[in-house]
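One structure is given here, and the rest of the page talks about it.
Residue numbers (my numbering): 67 to 447.
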């Protein structure tokens with residue numbers, strides 16, 4: 067079998083890239099995934115979409131992606147509701163240091179056209195009445211942030227890509243990337259050999275291992291994050307409530323359940339997606355402090371997934387300089403879902419050598435090799 071492009075990974079980065087490449091007129095595009103659609107981070111994420119970031123690059127990627135999400139159903143001709151609800155993100159500051167940092171972040175966001183604002187404890191209470199304002203100093207709020215169904219959004223990209231001729235192969239694992247004289251020649255899976263000169267690494271938590279198959283050392287790693295879901299109740303909360311200091315995000319989804327998650331400080335990099343009792347304990351303590359009413363709900367399930375972490379918590383969207391034809395969309399550090407429209411568009415522009423919609427030179431792989439990291443994203447849970 068021969069392909070012009072082989073995309074590794076059918077999460078939302080991979081399907082978005084496939085769609086954008088095909089939409090640009092490229093043909094003979096193959097996507098391979100070792101399991102099924104949305105089996106990895108996409109299907110395990112918290113489903114939030116926010117533009118409130120501390121770096122200019124992340125703000126720009128998020129803002130442009132939100133603009134796509136607002137029209138995605140029509141753009142992709144998807145027959146179902148994508149459940150994109152822009153009810154905002156309420157990000158709470160729990161100490162003076164965060165309060166000062168958030169003021170600077172809001173100034174940056176506003177300068178880029180993002181309608182976030184700094185608000186008082188009393189204003190935060192008006193937005194989320196069951197918020198325990200004794201636990202916070204201030205907050206920020208952006209009304210155009212929101213949440214989106216990750217399964218439906220990925221399915222929308224998948225269907226749109228298929229309609230444009232993209233071929234998908236599931237339960238097919240890449241075992242080898244054959245490189246001869248610094249040129250990709252073929253991709254060997256557990257089921258077939260695909261002759262190609264172009265490989266796109268959109269493998270999420272396994273992006274480092276895929277890089278190794280091509281002889282590259284991509285400085286990203288998998289980090290386990292856990293989420294729980296409660297029983298559904300009547301709607302009482304619109305925005306996502308987030309705290310970096312308390313290590314928490316909590317959202318009531320359209321069907322009434324609350325989903326909430328946190329990072330696990332000090333955890334060693336691994337591909338484990340096992341649930342833990344310690345997560346339940348710590349999550350329960352935190353939610354009772356910030357949103358005590360939600361803490362009274364029963365937990366119905368919990369799960370885990372991987373963030374693909376980069377050293378500066380910003381993605382790598384680039385072609386490998388030492389291996390032409392090897393492209394990367396990885397290292398999103400927990401925000402690959404919300405950046406997916408621009409990931410597909412920008413990587414397509416890189417591949418086709420077109421002018422970039424956003425200058426993403428600071429997202430190159432070389433920034434880690436040359437010690438030219440421009441910014442570090444602090445606003446990550």
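Each residue gets a CB set at the ideal place from its N, CA and C atoms; glycine is no exception.
Just so you know, these numbers come straight off a predicted model, no measurement behind them.
The DSSP assignment places complete beta strand (DSSP E) segments of no fewer than 3 residues inside the segment 269-337 at 287-296, 306-309, 314-318, 324-328, in order along the chain. Closest in alpha carbon position to residue 177, among 230, 118, 166, 404, is 118. Under the rule that a run must span 3 or more residues, the beta strand (DSSP E) segments found entirely inside the segment 205-282 read 233-235, 240-246, 249-255, 259-261, 265-267. Relative to residue 72, the option among 110, 393, 447 whose CA is nearest is 393. Contact annotation, residue 98 with residue 244: C-beta distance approximately 15 Å; criterion of less than 8 Å not satisfied. The Cβ atoms of residue 273 and residue 80 do not sit closer than 8 Å to each other. Across the structure, residue 69 and residue 228 are spaced so that their CA atoms are roughly 15 Å apart. A Cβ-Cβ distance of about 4 Å is found for the pair residue 149 and residue 215, placing them in contact under the 8 Å criterion.
Counting every other CB atom within 10 Å of its CB across the protein chains shown gives residue 318 a total of 16 or more, marking it as buried.
Here residue 131 carries a helix assignment [DSSP, helix/strand/coil].
With fewer than 16 neighbouring CB atoms inside 10 Å of its own CB, residue 162 falls in the exposed class. One alpha carbon belongs to residue 288, the other to residue 333, and they sit about 10 Å apart. Per the DSSP secondary-structure output, residue 151 pairs in a beta bridge with 213. Between the alpha carbons of residue 206 and residue 154 lies a distance of about 10 Å. Around the C-beta of residue 192, fewer than 16 other C-beta atoms lie within 10 Å, and the residue is accordingly described as exposed.
Apart from sequence neighbours up to five positions away, the residues of its chain that approach residue 424 with a beta-carbon distance below 6 Å are 126, ordered along the chain.
Taking each of 306, 255, 342, 91 in turn and checking the Cα distance to residue 292, the smallest one comes out for 342. Residue pairing by DSSP places residue 364 in no beta bridge whatsoever. For residue 183, the enclosing beta strand (DSSP E) covers residues 183-185. Annotation: residue 352 to residue 314 spans about 7 Å, alpha carbon to alpha carbon. In the structure shown, residue 433 adopts helical secondary structure according to DSSP, grouped into three states.
Under DSSP, residue 396 forms a beta bridge with 382.
Between the segment 365-385 and the segment 82-96 there are fewer than three C-beta pairs closer than 8 Å, too few to call the two in contact. Each of 420, 400, 390 was checked against the Cα of residue 431, and the nearest Cα belongs to 390. Fully enclosed beta strand (DSSP E) runs of no fewer than 3 residues occupy 155-159 of the segment 151-175, in order along the chain.
Taking the Cβ atoms as the reference, residue 76 lies roughly 6 Å from residue 234, within the contact range of under 8 Å. Of the candidates 388, 362, 336, 213, the residue whose Cα lies closest to the Cα of residue 306 is 213. Here the alpha carbons of residue 200 and residue 311 stand approximately 15 Å from one another. Contact annotation: residue 78 and residue 403 have beta-carbon atoms nearer than 8 Å. In the structure shown, residue 180 adopts coil according to DSSP, grouped into three states. When the beta-carbon positions are compared, residue 168 and residue 204 come within less than 8 Å of each other. Judged by their CB atoms, residue 327 and residue 106 are not nearer to each other than the 8 Å cut-off. In the three-state reduction of the DSSP assignment, residue 69 falls in the coil class.
Annotation for residue 331: no residue places its beta carbon closer than 6 Å to its own, counting only its chain and skipping 5 residues before and after. Following the DSSP letters along the chain, one finds residue 95 inside the beta strand (DSSP E) bounded by residues 95-98. When DSSP states are grouped into helix, strand and coil, residue 141 belongs to the helix group.
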